[in-house]
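Q: I'd like to ask you about the structure that follows.
Chains as they are written, first to last, in our numbering: chain C, 11 to 246; chain F, 26 to 242.
Have a look at this one:
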């Protein structure tokens, strides 16, 4: 019988290893799997490469993982936001690597990675500093650069509803990068607010098919990152 | 030039001017900051669908205080609402809408715009700055029409419309029209054409504040 549900958050992240590449869902404060990230802080895996749009806020979530010196490299589109302090500090000291990728290129590189497409051409970044070092070709009279698909060893994902097959539904703009990250990762680990019986999710509306998911753990009342920030909280 | 704002259009007036130029039925993406003002001035007889690249088509007004939803935000990470008939989607689909040419108009801010429509709006190139690009480079390549909303000159009075951008580019030959506090200027085949000037602004004054040749329409 297929049953991807695991009992605890620590168990869900237990097999993450040093040096792994990890995709982390979320855009700003929406959709970040805070409980899974904090469990990874407790777990301690280090030398991680993290693929995520931002670099976390304050001293919680992804920012806490970075502050705990577990991340050697970030692949992201927008590493500084109003509330990000940890990454800018380490980056300015030369203590963390950054691969800056335009947001749409980041999304497509993740989608391509999950779809078995090793590389593709896009007009995005042509004529800009981010074109440097990329292979260039013309299609239909327009210059394009080659971009490589990205795959990961793990993905940490937050969703709203899941079943034991790993079929997922998300919530509003908290969906953002999560469905494509599930596709691009060998082992997708999901925290969900609710688990339902197989068959309760209408097959017509499944957003992430269960084949892309490895583990599901119930986190009924996830913390609000905004609330943690308001309270100036730190993790651990 | 003085940066005192006693002359020209206000930010709200510029936004209103842009809103008036967006046809009924358009799909529109508004950049973070000043461009967001445009949504406030869409004429009531037009239906415009706003796209936000983090995954929502049909962005509605900001919710009342206390009714914000952490998981319903725009690309600027501000709380928004969703209109009736809105839909959510993941990032690859969202940028397929952008890169695939499905969005009609995008309104963006600018550090500099060149006479050939090059745009610099993501980095001042300072060595110590943390580079951050977001979706700007995808938007300028993929959206059919790029409108710029900006002050005509910087806070220190330097022209923002220039012969060649000195800041790192977001894209080359991408801007269609520039809306400033002084004028509305079209970019057409490598030249700048003045469509309209704000009350009290004459051509000579406008040219003096623009570091590239202007043409009368």
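Yeah, the Cβ is synthetic: ideal placement off N, Cα and C, and Gly gets one too.
Which residues mark the beginning and the end of the beta strand (DSSP E) in which residue 241/C is found?
A: Note, residue 241/C: premise wrong, no beta strand (DSSP E); not H, not E.
Q: My output table needs one value for residue 163/C: the three-state DSSP class, helix, strand or coil.
A: strand
Q: Return yes when the Cβ of residue 186/F is within less than 8 angstroms of the Cβ of residue 217/F, no when it is not.
A: yes
Q: If you draw a straight line from the C-alpha of residue 143/C to the C-alpha of residue 133/C, how long is it?
A: 15 angstroms
Q: For a contact meaning CB atoms closer than 7 angstroms, what does residue 194/F contact in chain C?
A: Correct list: 137 and 138.
Q: Flag this pair as touching only if the stretch 106-124 of chain F and the stretch 195-210 of chain C have three or more C-beta atom pairs under 8 angstroms; answer yes or no.
A: The stretch 106-124 of chain F, when compared against the stretch 195-210 of chain C, does not touch it at the 8 angstroms Cβ threshold.
Q: Please name the residue in 166/F, 98/F, 139/F and 176/F whose C-alpha comes closest to that of residue 213/F.
A: 139/F
Q: What residues of chain C sit near residue 42/F, judged by a beta carbon separation below 8 angstroms?
A: By Cβ distance, chain C contributes nothing, its closest Cβ being about 28 angstroms from residue 42/F, past 8 angstroms.
Q: Quick one: is the Cβ of residue 157/C within less than 7 angstroms of any heavy atom of the ligand NAP?
A: The ligand NAP is not part of the structure shown, which contains no ligands of any sort.
Q: Under 8 angstroms, Cβ to Cβ, is there at least one residue of chain C near residue 18/F?
A: With chain F represented from 26 up to 242, any question about residue 18/F goes unanswered, as that position is not in the structure.
Q: Does residue 146/F come within less than 8 angstroms of chain C when only Cβ atoms are used?
A: no
Q: Unbroken beta strand (DSSP E) runs of length 3 or more, entirely within the stretch 37-73 of chain F: which are they?
A: 52-55
Q: Compare the C-alpha of residue 158/C against each of 169/C, 115/C, 172/C and 184/C and name the closest.
A: 115/C
Q: Counting only beta-carbon separations shorter than 8 angstroms, does residue 101/C have a partner in chain F?
A: yes
Q: What residues in the stretch 174-190 of chain C have a beta carbon less than 8 angstroms from any beta carbon of chain F?
A: 180, 181, 182, 183, 184, 185, 186, 187, 188, 189 and 190
Q: Mind checking who residue 97/F pairs with in its DSSP beta bridge?
A: Paired residues: none, contrary to the question.
Q: Checking the sheet assignment: what are the DSSP bridge partners for residue 222/F?
A: 208/F
Q: So if DSSP puts residue 227/C in a beta bridge, which residue, or which two residues, is it bridged to?
A: 16/C and 201/C
Q: Please work out which residues of its chain come closer than 7 angstroms, Cβ to Cβ, to residue 232/F, disregarding the five sequence neighbours upstream and downstream, and give them in chain order.
A: 239
Q: For residue 39/C, I'd like the list of residues in its chain whose CB is within less than 7 angstroms of its CB, leaving aside the five on either flank, ordered along the chain.
A: 67, 235 and 236
Q: Quick test of the definition: if touching needs 3 or more C-beta pairs under 8 angstroms, does the stretch 159-171 of chain F touch the stretch 126-144 of chain F?
A: yes
Q: Please report the Cβ distance between residue 87/C and residue 61/C, rounded to the nearest whole angstrom; I am assuming they are in contact, meaning their Cβ atoms lie under 8 angstroms.
A: Not quite, the Cβ-Cβ distance comes to about 10 angstroms (not below 8 angstroms), so this is no contact.
Q: Using a Cβ-Cβ distance cut-off of 8 angstroms, determine whether residue 86/F contacts chain C.
A: Interface annotation, residue 86/F: not in contact with chain C, CB-CB separation never under 8 angstroms.
Q: Taking the C-alpha atoms as reference points, what is the distance between residue 65/F and residue 136/C?
A: 33 angstroms
Q: When the Cα of residue 67/F is compared with those of 44/F, 179/F and 236/F, which residue comes out closest?
A: 44/F
Q: Interface residues of chain C around residue 113/F at Cβ under 8 angstroms?
A: 180, 182, 183 and 185
Q: Can you give me the Cβ contacts of residue 93/F inside the same chain, cut-off strictly under 7 angstroms, excluding the 5 residues immediately before and after it?
A: 104
Q: To the nearest angstrom, how far is it from the Cα of residue 28/F to the Cα of residue 36/F?
A: With a pLDDT of only 46 at residue 28/F, under the threshold of 50, the placement of this residue in the model should not be trusted, and no figure is reported.
Q: Which residue from 127/C, 200/C, 14/C and 154/C puts its Cα closest to that of residue 33/C?
A: In terms of Cα proximity to residue 33/C, the closest of 127/C, 200/C, 14/C and 154/C is 200/C.
Q: Measure the Cβ-Cβ separation of residue 177/C and residue 220/C and say whether it is below 8 angstroms.
A: yes
Q: Can you look up residue 241/F in the DSSP assignment and give me helix, strand or coil?
A: strand
Q: With a 10 Å radius around its C-beta and 16 neighbouring C-beta atoms as the bar for buried, classify residue 3/C as buried or exposed.
A: Here chain C has residues from 11 to 246 only, and residue 3/C is not among them.
Q: Can you find the residues in the same chain that come closer than 7 angstroms, C-beta to C-beta, to residue 113/F, ignoring five residues on each side of it along the sequence?
A: 80 and 81
Q: Could you list which residues in chain F have their beta carbon closer than 7 angstroms to that of residue 241/C, in chain order?
A: Under the 7 angstroms cutoff, chain F gives no residues; its nearest Cβ is about 14 angstroms from residue 241/C.
Q: Residue 188/C: buried (16+ other C-beta within 10 angstroms of its C-beta) or exposed?
A: buried
Q: Compare the C-beta of residue 233/F with all C-beta atoms of chain C and state if any pair is closer than 8 angstroms.
A: no
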